[in-house]
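If you count by our numbering, then the sequence shown holds residues 865 to 982, one letter each, in order. Ideal Cβ placement from N, Cα and C applies to all residues, glycine included. Heads up, the thing below is written out as structure tokens.
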Amino acid sequence: VNEQGCYQKALEVDPNSSMAWYKLGVAGGGTVDSKSVERKECFKKAVEIDPRHKQAWCQLGTESGSKEDQKTCYKKALEIDPKYKEAWYNLGVVETDPSEKKKYFETAVKIDDNYKEA
Numbered sequence: 865v866n867e868q869g870c871y872q873k874a875l876e877v878d879p880n881s882s883m884a885w886y887k888l889g890v891a892g893g894g895t896v897d898s899k900s901v902e903r904k905e906c907f908k909k910a911v912e913i914d915p916r917h918k919q920a921w922c923q924l925g926t927e928s929g930s931k932e933d934q935k936t937c938y939k940k941a942l943e944i945d946p947k948y949k950e951a952w953y954n955l956g957v958v959e960t961d962p963s964e965k966k967k968y969f970e971t972a973v974k975i976d977d978n979y980k981e982a
């Protein structure tokens, strides 16, 4: 059984496991109840079940189409954990205003000065 299979099995046992939905999304999606589920759907389901799942909000942002939707998701993650460096970094990536972009990247580095991505 592969990684996706494990998360799919976990969801058969507990369809309200936000972590299993999140992990299935990270694994690329899969099949739940004989229905194909894409990554984005998995992250949406995870935050529906647990609105405080910061990693799922961040991943949902990454999967979202518009920059505004992405920003909304990253800001949701930051409401949950203001020191979530990945969300600060991702905000910097999608920001178009140079001064805001710089502020977001600097915040990520302040949280973790070894954060190589920023």
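Bounding residues of the alpha helix (DSSP H) (the contiguous stretch that carries residue i)
i	result
S882	S882 to V890
D933	K931 to I944
S963	P962 to I975
Y871	E867 to V877
A920	K918 to E927
V949	Going by the sequence as given, residue 949 is Lys instead of Val. Segment K949 to V958, the alpha helix (DSSP H) holding K949.
Paired residues, beta bridge with residue i - DSSP
i	result
V901	G894
With 16 other Cβ atoms within 10 Å as the buried cut-off, status of residue i
i	result
K873	exposed
T971	buried
E950	buried
V877	exposed
N954	buried
S900	exposed
G956	buried
S963	exposed
S882	buried
S928	buried
K931	exposed
Proximity test, residue i beta-carbon vs the ligand NAP heavy atom, cut-off 7 Å
i	result
V890	In terms of ligand content, the structure shown is empty, and the ligand NAP therefore cannot be addressed.
- Message: Closer than 8 Å is the cut-off here; do at least three beta carbon pairs connect the region 912-926 with the region 891-901?
- Response: no
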